[in-house]
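Every letter in the sequence shown is one number past the one before it in the working numbering, and letter 250, counting from 1, is 299.
Please read the structure below before turning to the comments.
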Amino acid sequence: MSLSYEGPAGERVTALADVSLALSGGVCGLMGRTGSGKTTLLEVMAGATRPDSGRVRMEGAGGVGLVFQMPERQFFERTVEREITFGLLARGVAADEAHERAARALALMGLTLDELGARSPFSLSGGQQRRVAIASVLALRPGLLLLDEPTAGLDPRARRACLDAVRAAAEDGATVVVASHDANALAEVADRLVVLEDGGVTLDGPARDLLADAPLMRDHGLEPACAARAALALRRAGLAVAGAPLTAEELADAIARGRGSA
Numbered sequence: 050m051s052l053s054y055e056g057p058a059g060e061r062v063t064a065l066a067d068v069s070l071a072l073s074g075g076v077c078g079l080m081g082r083t084g085s086g087k088t089t090l091l092e093v094m095a096g097a098t099r100p101d102s103g104r105v106r107m108e109g110a111g112g113v114g115l116v117f118q119m120p121e122r123q124f125f126e127r128t129v130e131r132e133i134t135f136g137l138l139a140r141g142v143a144a145d146e147a148h149e150r151a152a153r154a155l156a157l158m159g160l161t162l163d164e165l166g167a168r169s170p171f172s173l174s175g176g177q178q179r180r181v182a183i184a185s186v187l188a189l190r191p192g193l194l195l196l197d198e199p200t201a202g203l204d205p206r207a208r209r210a211c212l213d214a215v216r217a218a219a220e221d222g223a224t225v226v227v228a229s230h231d232a233n234a235l236a237e238v239a240d241r242l243v244v245l246e247d248g249g250v251t252l253d254g255p256a257r258d259l260l261a262d263a264p265l266m267r268d269h270g271l272e273p274a275c276a277a278r279a280a281l282a283l284r285r286a287g288l289a290v291a292g293a294p295l296t297a298e299e300l301a302d303a304i305a306r307g308r309g310s311a
């Protein structure tokens, strides 16, 4: 599918260029420089933006859930509880069940309905707003979950809760797409990685293989995962590092195994 729009000087700007993707289960990471088309692709997949050519086809139950990069832009209710239960009630879910699902979704994000339920979502901190926005979509149990920079601005504990929730959604059968500049986060949850550049797909493959290749990531203008950068620096310094570590734990193990084989 392709999409273009009119720029400030009347020129045509390409947002998506002949993008073709088939997704079925698991977590797909979406990376690219700012302006590469990540957000636009999510909006097209969600049906919020119509492509100039091509189509989006979804099979299976559950519908689509999209969490915006700016979470406050999707809020419209007076309280956090009403925000999260709105979609459930609109689908005919009983009020008691909607309340329970809202509480469970918030708990997944490290928050409680007792603490935040009566508050305005607009009164929350940026990190709380992001977690509430994610919870509001998780409560719907969508078959396709689209997240735009979900870990941005989160502290370590909230970030951990977010990544655990992403993994849990995939394990429950959802297909999850995470657009992010955070290679470290994607290293923890993504099975597949798609890299966009100028609206087109330039890389598409197993997340572990691509994220572990620090030179390749830099060639595409992306910051590699910390563990991949450290492994490359250690090897250049003459130290043995086994395998292709992507997390701090894997790096520690790779260094230990490298010493053992030296």
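Here a beta-carbon is modelled for each residue, glycine too, at the ideal position from N, C-alpha and C.
Please read all numbers here as calculations on a predicted model, not as lab measurements.
Could you tell me which of the options sits nearest to residue i, measuring between CA atoms?
i: ARG257; options: PRO273, ASP247, THR251, VAL250; result: PRO273
i: ALA188; options: LEU65, SER229, GLY112; result: GLY112
i: GLY81; options: ARG285, GLY292, SER229; result: SER229
i: ARG99; options: SER53, ALA167, GLY248, SER169; result: SER53
i: ALA261; options: LEU245, GLU92, ARG285, ALA232; result: ALA232
i: ALA239; options: CYS77, ALA210, ARG140, SER51; result: CYS77
i: GLU92; options: GLY74, VAL243, LEU65, GLY75; result: LEU65
i: GLN178; options: GLY59, LEU160, ALA97, ARG140; result: LEU160
Cβ of residue i less than 7 Å from any chain B Cβ?
i: ARG190; result: Absence of chain B from the displayed structure is noted, only one protein chain being present.
Rounding to the nearest angstrom, what Cα-Cα distance links residue i and residue j in this structure?
i: GLY56; j: GLY86; result: 15 Å
i: LEU162; j: VAL129; result: 8 Å
i: LEU265; j: GLU126; result: 44 Å
i: LEU283; j: LEU196; result: 34 Å
i: MET107; j: ILE304; result: 44 Å
i: ALA152; j: GLY287; result: 52 Å
i: THR251; j: ALA201; result: 24 Å
i: GLY84; j: LEU245; result: 9 Å
i: GLN217; j: ALA277; result: Reading the sequence as shown, one finds Ala at residue 217 and not Gln. Each residue's alpha carbon lies about 25 Å from the other.
i: LEU242; j: PRO170; result: 32 Å
i: ILE133; j: ARG285; result: 50 Å
Taking all protein chains shown into account, decide if residue i is buried (16 or more other Cβ within 10 angstroms of its Cβ) or exposed.
i: ARG104; result: exposed
i: ASP237; result: Residue 237 is actually Glu in this sequence, not Asp. Burial call: buried.
i: GLU146; result: exposed
i: SER185; result: buried
i: MET158; result: buried
i: ALA219; result: buried
i: GLU164; result: exposed
Pull up the DSSP beta-bridge partners for residue i, would you.
i: MET266; result: DSSP output for MET266 lists no bridge partner at all.
i: MET80; result: VAL244
i: ARG306; result: None; ARG306 has no bridge partner.
i: ASP197; result: ALA228
Could you check what DSSP says for residue i in three-state terms: helix, strand or coil?
i: VAL129; result: helix
i: PRO255; result: strand
i: LEU235; result: helix
i: ALA291; result: coil
i: ARG61; result: strand
i: GLY114; result: strand
i: LEU52; result: strand
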